[in-house]
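Visitor:
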Amino acid sequence: MGSIIIEVDALRREFDETLAVDGVSFSVEEGAVFALVGPNGAGKTTLMRMLAALLEPSSGTARINGMDIREQPRAVHSLLGFLPDFYGLYDELAICEYLRFFYHAYRLPREMIGRRIEEIQAHVGLEGYGDRQIGTLSRGMRQKLSLARAILHDPKILLLDEPAGGLDLESREEMQALLKGLARTGKTIIVSSHILSELEDYCSHVAMMDQGRLLFAGSLTDARRRLPAGRRFRLRAAAGVERAVLQLEAQGGVSHVERHGSDVVFEFDGDQPAVAEVVKALVGAGVSLTHFSEAAGTIQDSYNALMKGSR
Amino acid sequence: MTPLSERFPEIGRYAASELSRMRVIAAVATTVLIGACFLSMACSPLGSKDELFKGAILVQALVVLVYGTARAAGAVRAERQEKTWDMQRLTPLSSFEIAFGKCIGAPLFSYFLAILMLPWAIVGVFVSNGAVSFTTLLGSQAFLAALTFLAVSSGLLVSSHTIERVSKPIAEVLGLFLGIFAITVFMGVVTTHSARSHVVYFDHDWSEFPWLTTSALLFGLWAFMGANWRIGRDLLEGGRIWRLPAFMAFLLLFQAGLLEENYHAITLAALVLVYAAALLNPEGHEQWRKWLSGKRFLSNDIPVAVATSLSYVLYAAFSTEFLLLYWNPQNNADWRMPLLLSLFLVRDCAILQGFRFFKIRYPEAITMIFSGLSYALPIMVLKSLDADRFIYIFAPYPDDDVGVIRNILPSLLQALAMLSILLLVIRKRFWAAASAGCKP
Ligand SMILES: Nc1ncnc2c1ncn2[C@@H]1O[C@H](COP(=O)(O)OP(=O)(O)OP(=O)(O)O)[C@@H](O)[C@H]1O
Ligand SMILES: [Mg+2]
Chain A
759 MGSIIIEVDA LRREFDETLA VDGVSFSVEE GAVFALVGPN GAGKTTLMRM
809 LAALLEPSSG TARINGMDIR EQPRAVHSLL GFLPDFYGLY DELAICEYLR
859 FFYHAYRLPR EMIGRRIEEI QAHVGLEGYG DRQIGTLSRG MRQKLSLARA
909 ILHDPKILLL DEPAGGLDLE SREEMQALLK GLARTGKTII VSSHILSELE
959 DYCSHVAMMD QGRLLFAGSL TDARRRLPAG RRFRLRAAAG VERAVLQLEA
1009 QGGVSHVERH GSDVVFEFDG DQPAVAEVVK ALVGAGVSLT HFSEAAGTIQ
1059 DSYNALMKGS R
Chain B
6 MTPLSERFPE IGRYAASELS RMRVIAAVAT TVLIGACFLS MACSPLGSKD
56 ELFKGAILVQ ALVVLVYGTA RAAGAVRAER QEKTWDMQRL TPLSSFEIAF
106 GKCIGAPLFS YFLAILMLPW AIVGVFVSNG AVSFTTLLGS QAFLAALTFL
156 AVSSGLLVSS HTIERVSKPI AEVLGLFLGI FAITVFMGVV TTHSARSHVV
206 YFDHDWSEFP WLTTSALLFG LWAFMGANWR IGRDLLEGGR IWRLPAFMAF
256 LLLFQAGLLE ENYHAITLAA LVLVYAAALL NPEGHEQWRK WLSGKRFLSN
306 DIPVAVATSL SYVLYAAFST EFLLLYWNPQ NNADWRMPLL LSLFLVRDCA
356 ILQGFRFFKI RYPEAITMIF SGLSYALPIM VLKSLDADRF IYIFAPYPDD
406 DVGVIRNILP SLLQALAMLS ILLLVIRKRF WAAASAGCKP
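Just so you know, the protein sequences line up as chains A and B, in that order.
Position one of the first sequence corresponds to residue 759 (our numbering), numbered consecutively onward.
Position one of the second sequence corresponds to residue 6 (our numbering), numbered consecutively onward.
1) What residues does ligand 2 have around it, judged by CB closer than 7 Å to any heavy atom, in chain order?
2) Hey, Phe1024 (chain A) and Glu1035 (chain A): beta-carbon distance below 9 Å or not?
3) Exposed or buried, what is His862 (chain A) when buried is set at 16 or more other beta-carbons lying within 10 Å of its beta-carbon?
4) Output the distance between the C-alpha atoms of Met27 (chain B) and Ala768 (chain A), rounded to the nearest integer angstrom.
5) For Phe207 (chain B), which three-state DSSP category applies?
6) So that I know if they touch, is there some Cβ in chain B lying closer than 9 Å to that of Leu916 (chain A)?
7) Please return the same chain residues whose Cβ sits closer than 7 Å to the Cβ of Met400 (chain B), not counting the five positions on each side in sequence.
8) Counting only beta-carbon atoms, is Glu288 (chain B) nearer than 9 Å to chain A?
9) Closer than 8 Å is the cut-off here; do at least three beta carbon pairs connect the segment 829-837 of chain A with the segment 70-84 of chain B?
10) Taking Asn286 (chain B) as the reference, give the member of B:Gly225, B:Leu142, B:Arg394, B:Asp306 with the closest Cα.
11) Would you mind sorting Cys443 (chain B) into buried or exposed? The rule is 16 or more other CB atoms within 10 Å of its CB.
12) Give the interface partners of Phe784 (chain A) over in chain B, defined as CB-CB distance under 8 Å, in chain order.
13) I'd like to check one pair, Val69 (chain B) with Ile116 (chain B): are the Cβ atoms closer than 9 Å?
14) Quick one: does Ala21 (chain B) have its CB under 9 Å from some CB of chain A?
15) CB-CB under 6 Å to Pro445 (chain B), same chain, minus the five flanking residues each way: which ones, in chain order?
16) Taking the alpha carbon of Tyr960 (chain A) as the reference point, which residue from A:Gly939, A:Val1022, A:Gln969 has its own alpha carbon closest?
17) Please check if any C-beta of chain A sits within less than 9 Å of the C-beta of Pro14 (chain B).
18) Measuring only the C-alpha atoms, how far is Pro867 (chain A) from Met253 (chain B)?
19) When DSSP builds the beta bridges, which residues end up paired with Ile127 (chain B)?
20) Under a three-way DSSP split, which group does Ile763 (chain A) fall into?
21) With 9 Å as the limit, tell me which residues of the segment 855-872 of chain A have their beta carbon closer than that to any beta carbon of chain B; keep them in chain order.
22) To the nearest angstrom, how far is it from the Cα of Ala811 (chain A) to the Cα of Thr819 (chain A)?
23) Quick check on Thr776 (chain A): does DSSP put it in helix, strand or coil?
24) Give the secondary structure of Ala922 (chain A) by DSSP, where H, G and I count as helix, E and B as strand, and everything else as coil.
25) Provide the residue(s) that pair with Val1022 (chain A) in DSSP beta bridges, ordered along the chain.
26) Any heavy atom of ligand 1 within a distance shorter than 8 Å of the CB on Asp774 (chain A)?
27) Which residue's Cα is closest to the Cα of Gln65 (chain B): B:Asn134, B:Val195, B:Val351?
28) Since Ile110 (chain B) and Tyr19 (chain B) should fall inside the 8 Å C-beta cutoff, what is the C-beta to C-beta distance between them, to a whole number of angstroms?
29) For a contact defined as C-beta to C-beta under 8 Å, what are the partners of Glu242 (chain B) on chain D?
30) Should Glu931 (chain A) be labelled buried (16 or more other beta-carbon atoms within 10 Å of its own) or exposed?
31) Can you find a CB in chain A that lies within less than 9 Å of the CB of Ser164 (chain B)?
32) In terms of residue numbering, what span does the beta strand (DSSP E) encompassing Gly839 (chain A) cover?
33) Which residues mark the beginning and the end of the beta strand (DSSP E) in which Ala793 (chain A) is found?
34) Taking the DSSP output, what are the residues bridged to Gln891 (chain A)?
35) So what does Val784 (chain A) bridge to, in DSSP terms?
36) Assign Thr803 (chain A) to one of two classes, buried (16 or more other C-beta atoms within 10 Å of its C-beta) or exposed (fewer than that).
Pasting the structure below:
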């Protein structure tokens, strides 16, 4: 991690009357894997397209590697690999013809073409499919090819808009493995998604958006620290779950009691001895506890809390 | 092919998808069959001797001018629609590399077919027994090539100006229209051509093929530059809009050498072009805001409807001057035509933009209907009332019986009225919004 490579400054974009991105500012360090999360219509795609210098902002700006997206859009283009939320492939071409086209279009050295195209196909897991026509590919393969195009010229920065969108579990795992690999090579990656749990194990930073506004941007650790006030606990009972709920609701310092079958989740503000008291009280009330633990906060929790707060 | 497709990757891409082995085999077989057909006709005692030559170049012209132009007219539009356009915009390809690549690439299959027909055209000269000369063959091929450049570039121009929101049919019909127009011109010239054919231009006699070829190349060059400019705007290449005004100046100069009927035909053709450009570019609020909040009036951001109507007004002003001062043989009111046309154009463009601002669905179609009716209805009513003398109020009609001011005033008032309404809307929407948006 090191210097700031992407700096977003009060970026704003309107589409006639809709405000898609509303004065967003944040910065991304070199080598960071930056997750952009938010519900449908939050403005993730619009933000990404502005960062890729494909869509001009209504106001505000961003600097990518020191270059202003408004003043030097063409220079920004050549720095980036962009995976859009649609495929944008030429259906009538074969996979290797498609890659060859972009290889030449990116003005890469002609001597290396054969090797690079084989290498990139192997990298994304499309080896041996060079002659397959794109129109006949499955969604997962299309997404891999799209990713191959995005990294063909070995860009420093990758903007990936919902790389797992519409993929089945297996393809999603493959895609995730690919992205983890890319993250290890030191590329700066901005990746958008609405499935947070997948991002959690390879992202270093996260930004949360809703209705065009940025709710939070920072490291994953910071995001976890933003958990709702109390600590969360989970218990399981063989019998007397109702009694457990009643007992907890009566207990001081306990909030957000939720029952999921034989499990109960709740928040509690208190030190370790106080927790022991709660357990004692539960047992005393006749609840046959089989499990009691502190639930680790995930970024999904902080995300949910933030969303609740913003609405 | 390889160095060319490396320099212009678009050509390589089209070659890969257009010239598959099956298509190449089918193309060779078809042209051999067609040629053999024409040959047997030329050799039969009933057929005329130049049957093969004429048949071969007709096939060439058909595939290149109609099919090729239609392909070019869809080239950019298809990419915008399939969303492959953004991926091209991200590559370092320049607008010229894309535009040129598309001019050669998109109609590639039709070029291939035309080249396959060339040997038959040559055989056609041999079997014509002197009815067709090699000069005619060369002349017609050069003219066809120039006309192809013009038609394909115009197709690309249409396509580059077609934003995905505008329905596909408009662009496709325009492409087809361009192609059919080009082929009509081509066959008209070639079938009436004789060794002594010439064109009177600036009071000189010019031989027909070289004159037409040069003209087609010049117009083609302009269309190509227009497409190049529009693609460059998508690539966010900076620049100023000078090509359209420059073209209008060129048009003026070009027209100056022609005879009267042709003069007015070109004035009308330019008008059609301007209307098409305005209709094909549904530039939304963002474009206007960007333009109005920018520093330069003649920047790349200028809405196309503004640029085109402004250029036409300038063109009409100069054209009127020219007609009035130097060249008005009949001494009638015809010289007012360009001026009247430009005023009605401004009115229609203001209406079009108004419909766009007010978020009416299909503003282009509504404007076409609305303007059409605004010309046709009053004329029909006036005709039925036997009141022809008032037509000049509702349509661009140079009326010999009324004075200059009375002739021009109604159209001027309509144009001004529509423009002021539009300006009011712009003021309310953008100048307030633009100043708010600029606040830090
Ligand atoms: N081209 C456009 N024209 C008009 N409105 C648009 C356009 N693109 C986006 N919007 C609007 O901007 C808002 C943000 O859209 P955006 O696509 O950026 O959201 P998103 O976070 O990517 O959503 P999703 O998760 O569904 O992909 C939405 O309200 C959308 O309707
Ligand atoms: Mg999106």
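Don't be surprised by glycine CBs; every beta carbon is placed ideally from N, CA and C.
Guide: Looking at the coordinates:
1) Every residue whose Cβ sits closer than 7 Å to any heavy atom of ligand 2 is listed here in chain order: A:Lys802, A:Thr803, A:Asp843, A:Asp919, A:Glu920, A:Ser950.
2) As a working note, residue 1024 (chain A) is residue 266 in the first sequence. As a working note, residue 1035 (chain A) is residue 277 in the first sequence. Going by C-beta atoms, Phe1024 (chain A) is not nearer than 9 Å to Glu1035 (chain A).
3) Stepping through the first sequence from its first residue, residue 862 (chain A) is reached at position 104. The residue is buried, with at least 16 neighbouring Cβ atoms inside 10 Å.
4) Position 22 of the second sequence, counting from 1, holds the residue named residue 27 (chain B). Position 10 of the first sequence, counting from 1, holds the residue named residue 768 (chain A). Looking at the two C-alpha atoms, the distance is approximately 55 Å.
5) Against the second sequence, residue 207 (chain B) aligns to sequence position 202. In this structure, Phe207 (chain B) counts as coil in the three-state DSSP scheme.
6) What you label residue 916 (chain A) is simply residue 158 of the first sequence in a count that begins at 1. At a cut-off of 9 Å between beta-carbon atoms, Leu916 (chain A) makes no contact with chain B.
7) Here residue 400 (chain B) corresponds to residue number 395 of the second sequence, with the count starting at 1. Per the sequence presented here, residue 400 (chain B) reads as Ala, with Met not at that position. Excluding positions up to five away in sequence, the list reads Tyr380, Ile384.
8) Along the second sequence, one-based indexing puts residue 288 (chain B) at 283. Taking a beta-carbon distance threshold of 9 Å, Glu288 (chain B) does not count as an interface residue toward chain A.
9) No, they do not touch.
10) As a position in the second sequence, residue 286 (chain B) is number 281, starting the count at 1. Comparing Cα-Cα distances from Asn286 (chain B) to each of B:Gly225, B:Leu142, B:Arg394, B:Asp306, the minimum goes to B:Asp306.
11) Here residue 443 (chain B) refers to the residue found at position 438 when the second sequence is read from its first residue. With a pLDDT of 44 at Cys443 (chain B), under the threshold of 50, the modelled position of that residue is not reliable, and no figure is offered here.
12) The residue you call residue 784 (chain A) lines up with position 26 of the first sequence. Counting only Cβ-Cβ distances below 8 Å, Phe784 (chain A) has no contacts in chain B at all, with the closest Cβ about 18 Å away.
13) Locating residue 116 (chain B) in the second sequence gives position 111, where the first residue counts as 1. Locating residue 69 (chain B) in the second sequence gives position 64, where the first residue counts as 1. The amino acid at residue 116 (chain B) is misidentified as Ile; the sequence shows Tyr. A contact, by the Cβ cut-off of 9 Å.
14) In the second sequence, the residue the question calls residue 21 (chain B) occupies position 16. Closer than 9 Å to some Cβ of chain A, the Cβ of Ala21 (chain B) qualifies, so yes.
15) Along the second sequence, one-based indexing puts residue 445 (chain B) at 440. With a pLDDT of 33 at Pro445 (chain B), under the threshold of 50, the modelled position of this residue cannot be trusted; read the value that follows with caution. No residues qualify anywhere along the chain.
16) If you number the first sequence from 1, residue 960 (chain A) lands on position 202. Out of A:Gly939, A:Val1022, A:Gln969, the CA that lies nearest to the CA of Tyr960 (chain A) is found in A:Gly939.
17) Numbered from its first residue, the second sequence carries residue 14 (chain B) at position 9. At a cut-off of 9 Å, the C-beta of Pro14 (chain B) has a neighbouring C-beta in chain A.
18) For this step, residue 867 (chain A) is matched to residue 109 along the first sequence. For this step, residue 253 (chain B) is matched to residue 248 along the second sequence. Roughly 43 Å between the two C-alpha positions.
19) Within the second sequence, residue 127 (chain B) is the residue found at index 122, counting from 1. Bridge partners of Ile127 (chain B): none, in fact.
20) Against the first sequence, residue 763 (chain A) aligns to sequence position 5. Strand at Ile763 (chain A).
21) Residues passing the 9 Å Cβ filter: Glu855, Tyr856, Arg858, Phe859, Phe860, Tyr861, His862, Ala863, Tyr864, Arg865, Arg868.
22) Along the first sequence, read from residue 1 onward, the residue named residue 811 (chain A) stands at position 53. Along the first sequence, read from residue 1 onward, the residue named residue 819 (chain A) stands at position 61. Straight-line Cα distance between these residues: approximately 10 Å.
23) Residue mapping note: residue 776 (chain A) aligns to position 18 of the first sequence, counting from 1. In the structure shown, Thr776 (chain A) falls within a strand segment according to DSSP collapsed to helix, strand and coil.
24) Along the first sequence, read from residue 1 onward, the residue named residue 922 (chain A) stands at position 164. Here DSSP, grouped into helix, strand and coil, assigns Ala922 (chain A) to coil.
25) Here the question's residue 1022 (chain A) lines up with position 264 in the first sequence. DSSP, once it has assigned bridges, lists A:Leu993, A:Arg1017 as partnering Val1022 (chain A).
26) In the first sequence, the residue the question calls residue 774 (chain A) occupies position 16. Answer for Asp774 (chain A): yes, Cβ within range of ligand 1.
27) For the purposes of this step, residue 65 (chain B) is taken as residue 60 along the second sequence, with counting starting at 1. Measuring from the Cα of Gln65 (chain B), the nearest candidate turns out to be B:Val195.
28) The residue labelled residue 110 (chain B) in the question sits at position 105 within the second sequence. The residue labelled residue 19 (chain B) in the question sits at position 14 within the second sequence. One detail in the question is off: residue 110 (chain B) reads as Gly in this sequence, not Ile. Indeed, because the Cβ distance is near 3 Å, the residues count as touching under 8 Å.
29) Of the protein chains in this structure, namely A and B, none is chain D.
30) As a working note, residue 931 (chain A) is residue 173 in the first sequence. Counting Cβ neighbours within 10 Å, Glu931 (chain A) comes out exposed, since fewer than 16 surround it.
31) On the second sequence, residue 164 (chain B) is found 159 positions in, with the first residue counted as 1. With 9 Å as the cut-off, Ser164 (chain B) does not count as an interface residue toward chain A.
32) By one-based count along the first sequence, residue 839 (chain A) stands at place 81. For Gly839 (chain A), the enclosing beta strand (DSSP E) has its first and last residue at 838-841.
33) Working through the first sequence from its first residue, we reach residue 793 (chain A) at position 35. If you look at Ala793 (chain A), you'll find it in the beta strand (DSSP E) that goes 791-795.
34) The count along the first sequence starts at 1 and reaches residue 891 (chain A) at position 133. Note: Gln891 (chain A) sits in a beta bridge opposite A:Ala852.
35) The residue labelled residue 784 (chain A) in the question sits at position 26 within the first sequence. In the sequence as displayed, the identity of residue 784 (chain A) is Phe instead of Val. Phe784 (chain A) pairs with A:Val766.
36) Counting from one through the first sequence, the residue named residue 803 (chain A) turns up at place 45. Flag for Thr803 (chain A) reads buried.
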